[in-house]
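Chemist: Residue numbers (our numbering): 126 to 640.
Every residue, glycine too, gets a C-beta built ideally from N, C-alpha and C.
Before I ask anything, let me first share the structure, which is written out below as structure tokens.
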């Protein structure tokens, strides 16, 4: 496997260069795949070579290995995500910027030359700082967590009576949070069950909703009851893709146009480089958008049961590294151009999808609507038409009422990246009066980003909520997407009926206030 210089640079941990009592040190982290270090040929700082006999490796397992002792017969383990500290016992470096070159060999990738620039910063007077340990096992240990809790209490004078209480091993949160100190407890209620007639979610589901907003659970419960009486909600996923959108800068618009053609001609090679970084990510295609002298590339992937933002970032970086090495006319390149609109709603994602594009729809008989929600279908259809004008005039990205309420509450409960509510907030609602005088109601969420693997889905309470939904294990992410969409529709139906029947304020007075 050939690794580009741009990608190799990622092995170096930026900001890790520092002086210590016997010299200086820096860190390398394996961000590719499991490997063995079979030889260390050379380490240079600026123009000075560090003699091998003065180099040590700390692999984080309590062992320190002399660099000169690493050989094919006695390799050093360097598995994926392993951090190796390289310690040079040759005296400290002066303050300022330094170029570091590491010439090493591995069994998996062959000989690699890692080149990076880092700096020794001017020492600052010591200030109170949150307790932390570079060893992750120690850093997430109960003793270190207790030290951080004491630090916060002493620094602020506030006793952590509730934040400090948690029911799971802090080590579970490694990779989900830094400086773990405790938990923020959010009230959790269940609504339902809700009948889902999906292609992946079939049956009745109890819905966990984590929220501090009074009336929310009650409102969704009311909408679910009416949908169940109407035969349930039908959910359909029509698209699935996750993006990273780099931008390439050229000398002119014509060069950018030529680059677009070259990318399509070399799509197979680009796909190979991207997919080599993951067992899951699959690059479907690349959309190119030209403006001025810029070429914006929108890489479109599927990512299995993971949400995939980090996965596609890594894959796209590998692909772009290959592009830069094989297309010499690129002036500059940035991995993210703001065109994927990560954590933001956008027109491109409404049209082209980010995450899952899912539609929930139902027909609610007139008699059920009048009996349980005290509103007629004609009233809701008319109300929807009036609200469309309001949404248009305001420039809103959603012509419905409150789809982010369900999405946020379910995201918190099930360990999703809550900031992805920004994309999920865009939605398209449609209503009509059927020939029988019943109400047809549907909502399309064009950018619903959910996961049943990775991120916060493995945390204790979040995992339990996913288990309640039957959304754990391989191949369950589409089930979760359909369930979320069904819950969203229940909320739209309930709130629209409350507003149309003038019961909205009285409901909040009853359930949503502390009295």
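Would you kindly work out how many angstroms separate the C-alpha atoms of residue 448 and residue 395, rounded to a whole number?
Modeler: 7 angstroms
Chemist: Provide the residue(s) that pair with residue 369 in DSSP beta bridges, ordered along the chain.
Modeler: Paired residues: 424.
Chemist: Report yes if the CB atom of residue 612 is closer than 8 angstroms to the CB atom of residue 531, and no otherwise.
Modeler: yes
Chemist: Should residue 561 go down as buried or exposed, given a rule of 16 or more other Cβ atoms within 10 Å for buried?
Modeler: exposed
Chemist: Should residue 125 go down as buried or exposed, given a rule of 16 or more other Cβ atoms within 10 Å for buried?
Modeler: The chain is shown only over 126 to 640; residue 125 falls outside these bounds and no answer can be derived.
Chemist: Going by DSSP in three states, residue 453 sits in which element: helix, strand or coil?
Modeler: coil
Chemist: What number of angstroms, rounded off, separates the C-alpha of residue 446 from the C-alpha of residue 455?
Modeler: 11 angstroms
Chemist: On the DSSP bridge list, what partners appear for residue 552?
Modeler: 523
Chemist: Return the residue from the list 572, 598 and 538 that minimises the CA-CA distance to residue 590.
Modeler: 538
Chemist: Could you tell me if residue 136 is buried or exposed, where buried requires 16 or more neighbouring beta carbons within 10 angstroms of its beta carbon?
Modeler: Its Cβ being crowded by 16 or more others within 10 Å, residue 136 is buried.
Chemist: Are three or more beta carbon pairs between the region 407-419 and the region 483-490 nearer than 8 angstroms?
Modeler: no
Chemist: Nearest by alpha-carbon distance to residue 152: which of 207, 129 and 467 is it?
Modeler: 207
Chemist: Going by CA-CA distance only, name the one from 620, 271, 320 and 261 that's closest to residue 303.
Modeler: 261
Chemist: Between which residues of its own chain and residue 599 is the CB-CB distance below 7 angstroms, once the five residues before and five after are set aside?
Modeler: Excluding residues within five positions, the ones whose Cβ falls inside 7 angstroms are 430.
Chemist: For residue 632, which of helix, strand or coil comes out of DSSP?
Modeler: At residue 632 the pLDDT is 49, less than 50, meaning the model places this residue with poor confidence; the figure from the coordinates comes in the next sentence. DSSP places residue 632 in helix when its eight states are reduced to three.
Chemist: When burial is assigned at 16 or more other CB atoms within 10 Å of the CB, is residue 392 buried or exposed?
Modeler: exposed
Chemist: Would you mind giving the Cβ-Cβ distance between residue 548 and residue 474, rounded to the nearest angstrom? I have them listed as a contact below 8 angstroms.
Modeler: 6 angstroms
Chemist: So does the region 581-597 actually touch the region 540-554, counting three or more Cβ pairs closer than 8 angstroms?
Modeler: yes
Chemist: Measuring CA to CA, which of 335, 318, 470 and 266 is closest to residue 550?
Modeler: 470
Chemist: Keeping to the same chain, check which residues put their C-beta closer than 6 angstroms to that of residue 205; ignore five residues upstream and five downstream.
Modeler: Once the five neighbours on either side are set aside, the close Cβ partners of residue 205 are 155, 158 and 159.
Chemist: Would you grab the beta carbon distance between residue 464 and residue 441 for me? Rounded to a whole angstrom, and I think it's under 8 angstroms.
Modeler: Not really, about 12 angstroms apart at Cβ, beyond 8 angstroms.
Chemist: Which residues in the same chain as residue 621 place their Cβ atom closer than 7 angstroms to its Cβ, once the five residues preceding and following it in sequence are excluded?
Modeler: 505, 508 and 526
Chemist: Over the uninterrupted beta strand (DSSP E) stretch that includes residue 567, give me the two end residues.
Modeler: 564-573
Chemist: Answer yes or no: do residue 217 and residue 149 have a C-beta to C-beta separation smaller than 8 angstroms?
Modeler: yes
Chemist: Where does the unbroken beta strand (DSSP E) through residue 322 begin, and where does it stop?
Modeler: 313-323
Chemist: Given that a residue counts as buried once 16 or more other Cβ atoms are within 10 Å of its Cβ, and exposed if not, what is residue 172?
Modeler: exposed
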